[in-house]
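For reference, the structure discussed in these notes is given below.
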Amino acid sequence: MILVDADACPVKEEIYKVAYRHKMPVRLVANQYLRHPEHPLISMQMVSGDFDAADDAIAEAARPETLVITADILLAERCIAAGASVMSPKGGAFTANSIGTQVATRAIMADLRAGVDGQGIGGPAPFSKADRSRFLNALEVALRKLPRG
Numbered sequence: 015m016i017l018v019d020a021d022a023c024p025v026k027e028e029i030y031k032v033a034y035r036h037k038m039p040v041r042l043v044a045n046q047y048l049r050h051p052e053h054p055l056i057s058m059q060m061v062s063g064d065f066d067a068a069d070d071a072i073a074e075a076a077r078p079e080t081l082v083i084t085a086d087i088l089l090a091e092r093c094i095a096a097g098a099s100v101m102s103p104k105g106g107a108f109t110a111n112s113i114g115t116q117v118a119t120r121a122i123m124a125d126l127r128a129g130v131d132g133q134g135i136g137g138p139a140p141f142s143k144a145d146r147s148r149f150l151n152a153l154e155v156a157l158r159k160l161p162r163g
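Here the working numbering is used: position 7 in the sequence shown is 21, and no number is missing along the way.
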């Protein structure tokens with residue numbers, strides 16, 4: 015199964031197309047209704063608006079045969095601990111070997127952004143066509159490696 019942290023995911027259409035080809039179920043998890051294809055492989059799980067409700071639902075459903083797609087590094091860490099494969103919407107893999115460094119980098123960047131007023135330290139770069147292409151390639155590879163349960 016593919017679990018998607020769907021509220022701000024920019025690659026949902028790409029996920030659907032690849033999921034159809036691999037006959038892989040997709041569950042979108044969000045705190046509001048999101049339009050999605052009426053297809054037996056696609057489901058939507060709406061959670062409360064409570065802080066981290068979507069993250070909690072995704073982490074609870076994460077298993078070794080699950081691919082989680084999220085940009086949230088702390089959610090990625092929880093899903094990796096549950097044995098899931100995890101990737102970002104830009105195609106980068108979160109792994110057991112890299113997640114500690116990624117969490118530390120996130121904390122440093124958050125501290126920098128909080129402590130520097132008007133110094134031009136912003137968030138991530140805008141999503142690009144190259145990111146979309148990288149994601150599609152990485153998704154194909156990740157689904158081929160995913161254990162079928």
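The beta-carbon is built from N, C-alpha and C at its ideal position, and this holds for glycine as well.
Nothing here was measured: the structure is a model prediction, and the numbers come from that model.
Query, Result
"Reference residue 187; option with closest CA among 46, 77 and 27", "In the structure as shown, the chain starts at 15 and stops at 163, and residue 187 therefore has no counterpart that could be examined."
"Buried or exposed (CB count within 10 angstroms, at least 16 for buried), residue 54", "exposed"
"First through last residue of the alpha helix (DSSP H) which encompasses residue 147", "143-159"
"As assigned by DSSP and simplified to three states, the class of residue 18", "strand"
"Nearest-angstrom Cα separation, counted from residue 21 out to residue 52", "18 Å"
"Rounded C-alpha distance that separates residue 84 from residue 71", "13 Å"
"Inter-residue spacing [alpha-carbon to alpha-carbon] between residue 43 and residue 56", "11 Å"
"Closest residue to residue 110 among 89, 41, 128 and 103 (Cα-Cα distance)", "89"
"Helix, strand or coil at residue 81 according to DSSP, with G and I counted as helix", "strand"
"Given residue 25 as reference, the closest of 96, 160, 105 and 64 once Cα atoms are compared", "105"
"Residues near residue 47 by beta carbon distance below 8 Å, same chain, minus five either side", "58 and 60"
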